[in-house]
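Colleague: I'd like to ask you about the structure that follows.
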Amino acid sequence: MVYNLYLDNFCTADHKFRDSLQIANRFPCRHTKLQRIIYKIMDTKRKSFSSSQGPSKKVFKKASQEDDDFERSNFEEELALMDELEEEFHAQSLESLESTGEDIDSSQSANAKWARPPPAEINTSTDSVVFQQLDIDYYIGQPVPGMSGCQTGLVPIMRIFGVSMEGNSILCHVHGFLPYFFVPAPQNFQRSDCAKFREILNGAIISDMKSNKENIQDAVLAVEIVQKENIYGYNKDGKRPYLKITVVLPKFLPAAGRLLENGIRWNGSDMQTFPVFETNINFEIKFMVDTKIVGCNWIEVPPKKYNLLTASGQRNSTSRCQIELEVDWKNLVSHEPEGDWSKIAPVRILSFDIECAGRKGIFPEPNHDPVIQIANMVIRQGEKDPFIRNVFTLNSCAPIIGSQVLSYQSEQQMLKEWADFIRAVDPDIVTGYNIQNFDFPYLLNRAAHLKVTSFPFLGRMKNIRTVIKDSILQSRQMGKRQNKVINLEGRIQFDLLQILVRDYKLRSYTLNAVSYHFLQEQKEDVQHSIITDLQNGNDQTRRRLAVYCLKDAMLPLRLMEKLMCVINYMEMARVTGVPLSYLLSRGQQIKVVSQLLRKAVEHDFVIPTMKTEIGDDFTGATVIEPLKGYYSDPISTLDFTSLYPSIMMAHNLCYSTLLQSVVRNQLNPDDFIKTPSENLFVKKSVRKGLLPEILEHLLSARKKAKNDLKKETDPFKKKVLDGRQLALKISANSVYGFTGAQVGKLPCLAISQSVTAFGRMMIEKTKELVEKKYITENGYPHNAKVIYGDTDSVMVNFGVKTVKEAMELGREAATYVSSHFEKPINLEFEKVYYPYLLINKKRYAGLYFTKPEIHDKMDCKGIETVRRDNCPLVANLINTCLEKLLIDRDPKGATEYAKQTIADLLCNRIDISQLVITKELTKTDKEYAAKQAHVELAHRMKKRDPGSAPNLGDRVPYVIIAASKKTAAYLKSEDPIYVLENNIPIDTQYYLDNQISKPLLRIFEPILGEKAESILLCGDHTRTKIVVTSKIGALTAFTKKKATCVGCRSLLDREDEAVCAHCKPKESEIYQTEIAYLNSFEEKFARLWTECQRCQGSLHEEILCTSRDCPIFYMRKKVQKDLGDQEKIFWWSEQPSEADVTYDRSFEDKQQLIIT
């Protein structure tokens, strides 16, 4: 039984509304307006009744099944509103659809709503086909007569998937483009030697093949002489002869390159080795570069240049796309994404979420546990609300206004129909939360277990199965992550969890935490063990689960809209020239390779295939030693605009300008520069580098985004534009990172060394110029002092007293210093910090001013307020202390607050949610050099429940528990819920010593000096400590629990007594005290319970949420336990109460009080 707060008077007064609602619920499609009217009346009555009751005592009463029928959450109201806004013909089309699980495809009304609009008739002689391409890949197939390229055997065929402006899905097969690479032509090589060279290399490749099932005889198709130049290093002689070697399949590129590097005898002479070029560049990238296609741009296929495979009366197509055609690669027209061609097609985005019924205490496994619900939301890019909202359920489910409920009696039928639904909707982008590593693999494995043979064909190609592969992704930015790879040809997998992990540094990546962070909206988080109980209940409990599932499908769409993920990623694909899918599955290097190759092709350069070698490290950026302290004067901050890209442009640093020999190239001293790292590069007057050209393009795109940002007034769009310009900034900076990546496609230590060396010199020169000019001898009121400098910025104390004066001098100084550097290097004034707390290198805080009137924000860098590897208590404590120091200018108040927080910690008054530490599992157990707390806990959790244990790449939450002094810290980590349930004591001293003390001393030492430690960490506030008694432990099994006196806690002779003889005279007083404690726990519990009810959107349903990212969850768990303990104490007392108070004996299980 579940006991819930309910308004009894309202229940009995509205039978007529209840009856009307039940009629409406039986015919949900016909009577949605009636339902809404009833709901509005009931909501009005509920509110009026609630407001009229006043502060009288709470009434806890058992909720009937009927009561659940008309309780709706805020999310359901939103769904209903969406339904109300739908056009009338959509509502009519749903009337005839029964939710019985019959064949979805047989319902024309369903297909009418789900399917794309039918394409117009295409005349191949007069009509061109125009579409926005979304994904590009290739497959191996048979050549088509009339197309260029090889005419026999197997050939690579490019596939371009896209969408027209009318919303029709399109697949374009592109024929004739073949893989190729380059080698320098041997000395005295003639065109007549090409055939012989081809024959010898072809024989070597065929012999090298381990198996030749396809019976390929011509691996090398052509060898021709072309004039090219090596991009790596300047050569005054310019172009020279290269051999362009064309092979039949992309897989022969690395094989041919390896054989040529090892050496071949091509003319009967000695073995000759060849350096190879462009054998390691992706085939898709080469195709896009040669056809001038960039990611997500618009492509046009002119009339009379293509064969239509989906013409009326015939269907030779191999895909599920509405329009399928084939064309020669030379006939494609690619439009640059500018002006009218910067538009975005009405891309279909499907967001889905599944629920599984797991066994008790075991995370769901596809070989054992059924899929019970699949919620779907489909939206068109550019529209606000989903036009398809449905949920597939196993067994019956009560209707949900605004969503279509499709119920099935067998899981096999449900999975089959869902796969048919995917094929009918034909989404371009599939999103969700962790769909790549959970939802898709679970569905595929479950369907395989149930032998649903039609299920694993979810892509756009008819005969290609969707399969799962394991992959490990490792990068410096994201660490090591274990992922699943799912093939969905023609559909982009846009797993929002992967996007957020890549682009945002958050303390937790659960959907609930992310939704609250970006949307300020929380969701009910139901534990997997509870889901089974809801499924095994009735129509109403399954309806509750369906609403929960629908919200989980809706939130990713909201987050994508809020963060403008699709738009920003499309823009990035357009700028960098790579397919959209590459941005989601690959790192930064491929983006630079694409841009570099485009410029190389324009200027007839070729890119060498370089082996990975670990070279020497080089000195990084300069950090001017900080003058630590608390500054009550305004501090001006001067920043170099895009420092590293600007240096590369100003000094023409590029592979193509790197000078390896002055004498051989016969250059004058005025033709080249010598960098501070002793490297030589030719000047722009001799040759302009390719990397500077790329950077100019990126920074001009960023400048445009920043100009749009200044004009924009909408706060949300301002954030989006800011994110876009930051993305372009990252791409520009990644060019420098690309040259310094020794494990990369084209590392060049000379460039990366030179860039950082120029940066160091510029920071030092800026310090020198400012401190030399802004002095009293030159008429300025004070001598300026650079108190700190870091990579691309300097902080200057001009000695003035107002923010306005500091801004004026900052702007003047920025202009003055910029005049001493090469263009486009530019130092600009950005902000003033006032006051300013400089703690150490890369650690500072201050009030951030861009206008003299009022500060914009409190800005913190490198301090624990922004770090993720500390518990929230540290961030909250440091943040509050900084607010008191910087905003209130109250050092004494900050000190007292810190001391009180420490006292609360030692006395166990801090909520456990504030003590949870989260760290990421970046490696496997064996790869860690030393034992780590979160790694050991993950190992223990895997033993308890393998299914729900953290995986590689997950963030692991834990707390440190009390243990003996010699116990290692990694053995003291424990799951917060496990700690709460078993009353395990927290090691508060660990938190003080290892989490709080150092961050606290760092911000107070500049103010309190050497006394900071003695004032904050010693004294009366640290002398009192309270330790709770654990329910578990080594000796717990050997101890016997004895009754103690409620008043003095001494042992009692008789267990049926509440107080000892000494406390007997004060029994009444003790009783009143315990009643007061009980009342306080009840009140706190009621507040927390109500807060959770508001969050889940229902006042009449049991709270099932188990969100570990919500502090209220931990508080609720704690007060439930405290209330249970207090209730036990109260039961021992035989003193009658003045009030008639009774208790439900199932209280310990249900944790809910009935007061009559």
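Following my numbering, the numbering of the sequence shown begins with 31 at its first residue and continues without gaps.
Beta carbons: idealized from backbone N, C-alpha and C, even for Gly.
Keep in mind that this is a model prediction, so the values were computed, not measured.
From E1191 to F191, what distance separates their C-alpha atoms?
Modeller: Since the first and last residues shown for the chain are 31 and 1186, residue 1191 lies out of range.
Colleague: Does DSSP classify R288 as helix, strand or coil?
Modeller: Helix at R288.
Colleague: Which of helix, strand or coil does DSSP assign to M1188?
Modeller: Nothing can be reported for residue 1188: it is not among the residues displayed for the chain, which extend from 31 to 1186.
Colleague: Tell me, please, which residues DSSP counts as bridged to W328.
Modeller: Looking at the DSSP assignment, W328 forms a beta bridge with Q162 and H365.
Colleague: Where in the region 706–780 do unbroken runs of the alpha helix (DSSP H), each at least 4 residues long, occur, reported from the N-terminal end onward?
Modeller: Segments of the alpha helix (DSSP H) lying fully in the region 706–780: 720–741 and 745–770.
Colleague: List the endpoints of the continuous alpha helix (DSSP H) containing V965.
Modeller: Unbroken alpha helix (DSSP H) run through V965: A963 to R974.
Colleague: Could you give the DSSP three-state label for S129: helix, strand or coil?
Modeller: Note that S129 scores a pLDDT of 36, beneath 50, so its modelled location is shaky; the value from the coordinates is reported in the next line. Three-state result, S129: coil.
Colleague: Quick one: is R572 buried, meaning 16 or more other Cβ sit within 10 Å of its Cβ, or exposed?
Modeller: Classification of R572: buried, given that the 10 Å Cβ count is 16 or more.
Colleague: Buried or exposed: which applies to R552, given that a residue is buried once 16 or more other Cβ atoms fall within 10 Å of its Cβ?
Modeller: In the sequence on display, residue 552 carries Gln and not Arg. With 16 or more other Cβ atoms within 10 Å, it is buried.
Colleague: Excluding the 5 residues preceding and the 5 following A928 in the sequence, name in chain order all residues of the same chain whose CB lies nearer than 7 angstroms to its CB.
Modeller: These residues qualify, in order along the chain: L907, C911, L1030 and L1046.
Colleague: When the Cα atoms are used, what is the spatial distance from L575 to S433?
Modeller: For L575 and S433, the distance between alpha carbons rounds to 14 angstroms.
Colleague: On the DSSP letters alone, give me the boundaries of the alpha helix (DSSP H) that T925 sits inside.
Modeller: Where T925 is concerned, the enclosing alpha helix (DSSP H) stretches over P921 to L936.
Colleague: Between A1042 and L1022, what straight-line distance do the alpha-carbon atoms span, to the nearest angstrom?
Modeller: The alpha-carbon atoms of A1042 and L1022 are separated by roughly 15 angstroms.
Colleague: Pick helix, strand or coil for H205, following the three-state DSSP scheme.
Modeller: H205: strand per DSSP, three-state reduction.
Colleague: From Y539 to L916, what distance separates their C-alpha atoms?
Modeller: Y539 and L916: Cα-Cα distance of roughly 31 angstroms.
Colleague: Mind listing, in chain order, the continuous beta strand (DSSP E) runs of no fewer than 3 residues lying wholly within the region 228–283?
Modeller: Listed in chain order, they are 250–260 and 270–277.
Colleague: Pop quiz: L867 and I1033 are said to be a contact at Cβ under 8 angstroms. What is the actual Cβ separation, rounded to whole angstroms?
Modeller: Sure, about 6 angstroms apart at Cβ, within 8 angstroms.
Colleague: Could you tell me which of P271, P173 and A780 sits nearest to R221, measuring between CA atoms?
Modeller: The candidate whose alpha carbon is nearest that of R221 is P271.
Colleague: In or out: S624 buried (at least 16 other Cβ within 10 Å) or exposed?
Modeller: Buried: at least 16 other Cβ atoms inside 10 Å.
Colleague: Apart from the five residues on each side of it in sequence, which residues of its chain come closer than 8 angstroms, Cβ to Cβ, to P400?
Modeller: So the list reads C386, A387, L424, E441 and R476, once near-sequence residues are dropped.
Colleague: Looking at the unbroken alpha helix (DSSP H) that takes in Y612, where does it start and where does it end?
Modeller: Note, Y612: alpha helix (DSSP H), L610 to S615.
Colleague: If you draw a straight line from the C-alpha of T806 to the C-alpha of G829, how long is it?
Modeller: In a straight line, the C-alpha of T806 is about 11 angstroms away from that of G829.
Colleague: Note down the Cα distance separating W296 from R717, rounded to an integer number of angstroms.
Modeller: Looking at the two C-alpha atoms, the distance is approximately 36 angstroms.
Colleague: Could you have a look at F635 and say whether DSSP puts it in helix, strand or coil?
Modeller: Looking at F635 - three-state DSSP - the assignment turns out to be strand.
Colleague: Flag this pair as touching only if the region 193–206 and the region 239–250 have three or more C-beta atom pairs under 8 angstroms; answer yes or no.
Modeller: Flag = no, the region 193–206 and the region 239–250 do not touch.
Colleague: At which residues does the beta strand (DSSP E) containing P987 begin and terminate?
Modeller: Its beta strand (DSSP E) spans residues R985 to I990.
Colleague: Considering only residues of the same chain and omitting the five flanking positions on each side of R985, which have a CB-CB separation below 7 angstroms?
Modeller: So the list reads S538, Y539, T948, K949 and E950, once near-sequence residues are dropped.
Colleague: DSSP on P147, reduced to helix/strand/coil?
Modeller: Residue state, collapsed to three classes: coil.
Colleague: Can you check whether the CB of H205 is closer than 7 angstroms to the CB of V174?
Modeller: Yes, these two residues count as a Cβ contact at 7 angstroms.
Colleague: Determine the DSSP secondary structure at D469, reduced to helix, strand or coil.
Modeller: D469: helix per DSSP, three-state reduction.
Colleague: For L668, which three-state DSSP category applies?
Modeller: Residue state, collapsed to three classes: strand.
Colleague: Specify whether the region 681–694 and the region 708–727 touch according to this definition: at least 3 beta carbon pairs, one from each stretch, less than 8 angstroms apart.
Modeller: Verdict: yes, contact present.
Colleague: Counting only runs of 3+ residues fully inside the region 407–438, write out the beta strand (DSSP E) ranges in chain order.
Modeller: The qualifying runs are 418–424 and 434–438.
Colleague: Identify, in the order they occur along the chain, each residue of the same chain with its Cβ nearer than 7 angstroms to the Cβ of F1111, setting aside the five sequence neighbours on each side.
Modeller: Excluding positions up to five away in sequence, the list reads V1149, D1152, L1153 and Q1156.
Colleague: Let me make sure I understand the geometry here. Which of T821, K322 and I353 has the alpha-carbon closest to that of Y336?
Modeller: Of the candidates T821, K322 and I353, the one whose C-alpha sits nearest the C-alpha of Y336 is I353.
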